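Protein chains in written order, with UniProt numbering: chain A, 1 to 409; chain B, 1 to 355.
Just so it is clear, CB atoms sit at the ideal spot from N, CA and C, and this is done for glycine as well.
Model, not experiment: these values are computed from the prediction.
Following: one structure in structure tokens, then a few remarks.
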Amino acid sequence: MINDNLHYKGEPTNSLEVTDSPHLDRQKNEPFGQALRKNLFGNKKNTVLTVLTGLFTVFVLYQVVSFVLENSWDVVYIHLRLLMIGQYPLDELWRLWFGLYYASLMIGLTWGLWRGAGKAVAFTFGAVYLAFAAVPWTTLNTSLNLAACIGLIAGGYVLGGKIDRLKIPVLVLWGLYFPLTIGLIMGFGGLLDPVLSRYWGGWLLTVILASVAIIGCFPLGILLALGRRSSLPAVKYVCIAYIELVRGIPLIMVLFIGQLLIPLFLGGQTGLDNVTRAMIAYVFFAAAYLAEDVRGGLQSIPSGQFEAAQALGLNKVKTTFFIILPQALKAVIPAMVGLFITILKDTSLVAIIGLADFLGTARRISNNPEYLGRYLELYVFVAAFYFIFCYLMAYVSRYLERSLSKGSR
Amino acid sequence: MKNYSKYLLSAAALLTLTACAGGTDEAEGVDGDNAAATSGETLSAVLDRGELNAGVNDQLPGFGYVDSDGNYTGFDIDFAKAIAAGVLGDAEAVNYRPLSAQERFTAVQTGEVDVLLRNTTWTASRDTEVGLDFAPVTFYDGQGMMVGADSGVSSLEDLEGMIIGVETGTTTELNLADQMEALGVSYETQTFDDRDALIAAYESGSVDAWTTDRSGLVSAFAVLDDPDAHVILEDTLSKEPLAPAVLHGDDQWNDVVSWIVFALIQAEEFGITQDNVDDFLDSDDPDIRRLLGVEDDLGGYLGLESDFAYQAILQVGNYGEIYDRHLGPDTQFDLPRGMNALYQDGGLHYSMPFR
């Protein structure tokens, strides 16, 4: 598409009749091909631009395709297990499969019950499972497990579509998902064989770190945001000091503080392993940013809402939690999801404190003497994987935004 | 009045906060006894734990890396295994703690790792100010320089006016500056965040030469498109003796680590290998009998089992075997022993006598 003729809605345009396609300058009833020709080759300048960008696109596509085809990618598929779950013991693999089964069933049920963005999530997960299950070098065992996951998504969808009463149980099960799977992965504090966090790695560690940071920063961030608007000076200034202090130092610094200074001050006897210390650092860091996002939302609530709540006889706690916060959080969904995506990607910084997350594992593998210099395939794979899940998060956020703001349109 | 109560409340809140903070400190049970380790403490901690905490590198080809099955492996890793075999009788009783260059010393200082086996150069400041003690050198390295074979460069002086690539945040950059200043050679540096990028830049010709430890240069031959088109200069820019490090102050633990390293070197001197060590148990040579713990109880003096050296050799192999396994002719590095040969072969490795 040529930028020259790009007319977004709302911008002044020459043609008065902008039709359903916002990008193409197209008259009503004008055939698509004709409009295309007019837009792309309408005048000399456009023709030159079209040809040049066309050539460039072909060149890039050719390079990408030949890169994909020329490399054998064995370095990726040989290390797929390392990339996905790190050094998690093989005998305990069933715990991870259980977590994946659980998630698949829940995604299916959610899709069936609420429709909407559940479809995109279900299809993305299904497609990733299918891709991994279908490639020839996956072991039969893994393929069967992945096929079962796809089956669970489909089964959940059918079940959810038929039985509407499942909504409450599904929400409860979603709430239990994180504590249950984390407990299972760790071994429920000794109930099962404990799997120490030093054996977590790859995508598993990335997801755990990001989930803990996102889930943990949420209550803390909201409290900080409320605290910053508090009329009690001590609460207010402690919150301001915290938020500004944390936002004023780089994440790497926070990680170093968690990793190096805490054990130095507490004498190395804290009993906290390095993964836990990283989790704490991420939670505290993300909370400060979330607090500012939420504060933005709180400020956007017109004072009429407070007055109306007061007139109805609601006390301060009820006003905050039932009237103000829901509206404030809804208003800042895009900012919050932006933060969450950033957190997911920022977990790769744990490489500097010796943890092997998804990207760190790729770097480790590229330093195996047998695969020296094979980093490009690994990095491309890692980038693609990150992209799929970050984009999915953004997509779901856009959907939530749309569906939650239906009332105000 | 109303305002007053607000401030009172705030003060009360602050007091509670500080009280809480004080309370947790006590609850954590901080015993600040780790900073200055007392003799024997680490050994008994390791024996109680039944596991050796070893700080290692997980991204250095040949020395410390993770193989395709997810196991730590490499030259440095084998020394961790040997220490575990000597102390605990089980080479697999190691908790590997991958450390970044930035956090490695703190990990020793806080007692998070018992021994640091992470290609660490033995320097005066690390031995004193950083608070480490070093066991015998396991690998003598030195900084070298790689140039194109047809570049006409045969010594550091020939690099006048050229662009040299180095990795950021390493001592290599400082060594390079020192050497070139001493020689009066002007040059330009280009710094890179990682080795792969540096090698790619060198191959594409955007830097004329690049420098790192010789072992690193040699291992890069495995990556280069045309290895024959490149040479390593004879000149050495710095001494890089890589040695295991422990926390300063625990002499007994330092002795343990040191004599396990010596045992591996001594075993190579005697020709004792992983495969034939059992045959040497009936040896008549008193030196060998003492090393393997058949005679006397040198292990007992260290606080170990008398067969500590036997276990280390049996489970891991002698120094030469470790070297060959990870860096020798059968690996793609094919790194000549050079300074790392035994003293009788013109190298620097020399075990103090087991007596």
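Check	Outcome
Burial state of Arg402 (chain A) (16 or more Cβ within 10 Å)	exposed
Interface partners of Ser129 (chain B) on chain A, CB under 7 Å	Here residue 129 (chain B) is Glu; the residue named in the question, Ser, does not match the sequence. Here the premise fails: no neighbours, minimum Cβ distance about 16 Å.
Residues sharing a beta bridge with Gly144 (chain B), DSSP	B:Thr212
Cut-off 7 Å between Cβ atoms - residues of its own chain near Pro334 (chain A), not counting five sequence neighbours on either side	Ser397 and Glu401
Asn71 (chain A) at chain B interface by Cβ criterion, 7 Å	no
Sequence-distant residues of its chain with Cβ nearer than 7 Å to Leu242 (chain B) (five each side left out)	Asn119, Thr120, Thr121, Val137, Thr138, Phe139 and Asp141
Neighbour list for Ala356 (chain A) in chain B, Cβ cutoff strictly below 8 Å	Asp58, Val66 and Pro98
Contact between the stretch 77 to 84 of chain B and the stretch 298 to 308 of chain B (3+ Cβ pairs under 8 Å)	no
Nearest to Lys239 (chain B) (by Cα), restricted to the options B:Ser44, B:Ala124 and B:Leu60	B:Ala124
Chain B contact residues for Gln87 (chain A), given Cβ-Cβ distances below 7 Å	Gly70
DSSP-derived helix/strand/coil call for Phe139 (chain B)	strand
Residue-level contact to chain B via CB, Arg363 (chain A), 7 Å cutoff	yes
Beta-bridge pairing of Lys239 (chain B) - partner residues as DSSP gives them	B:Gly142
Buried/exposed call for Gly161 (chain B), threshold 16 Cβ in 10 Å	exposed
Under 8 Å by beta carbon: chain B residues contacting Pro369 (chain A)	Pro61, Gly62, Tyr65, Ser219, Ala222, Thr331, Gln332 and Phe333
Between the CA atoms of Gly108 (chain A) and Thr42 (chain B) - distance to the nearest angstrom	53 Å
Beta-carbon proximity check, Tyr157 (chain A) vs Gly112 (chain A), cutoff 7 Å	yes
Chain-ordered neighbours of Asp275 (chain B) on chain A, where CB pairs are closer than 9 Å	Under the 9 Å cutoff, chain A gives no residues; its nearest Cβ is about 24 Å from Asp275 (chain B).
Within chain B, partners of Tyr375 (chain A) - CB distance below 8 Å	Asp196
Sufficient close CB pairs (3 or more, under 8 Å) joining the stretch 176 to 190 of chain A to the stretch 240 to 258 of chain A	no
Cutoff 7 Å: Pro263 (chain A) Cβ touching any chain B Cβ	yes
CB contact check: Ile243 (chain A) to chain B, cutoff 7 Å	no
Backbone CA spacing between Ser303 (chain A) and Ile324 (chain A) [nearest angstrom]	10 Å
Assumed close pair Leu264 (chain B), Ala312 (chain B) - CB separation to whole angstroms, cut-off 8 Å	6 Å
Closer than 9 Å at the beta carbon, the chain B residues around Leu82 (chain A)	Val66, Ser68, Asp69 and Gly70
Between the CA atoms of Leu392 (chain A) and Tyr289 (chain A) - distance to the nearest angstrom	22 Å
Proximal residues to Asp67 (chain B) (C-beta, below 8 Å), its chain only, five neighbours per side dropped	Thr73
Residue 359 (chain B) - partner residues in DSSP beta bridges	This structure gives no information on residue 359 (chain B), because the portion of chain B shown stretches from 1 to 355.
CB contact flag (Asn367 (chain A), Tyr202 (chain B), <7 Å)	no
Spatial neighbours of Glu295 (chain B) in its chain, beta-carbon cut-off 8 Å, leaving aside the 5 residues before and after	Pro286 and Arg289
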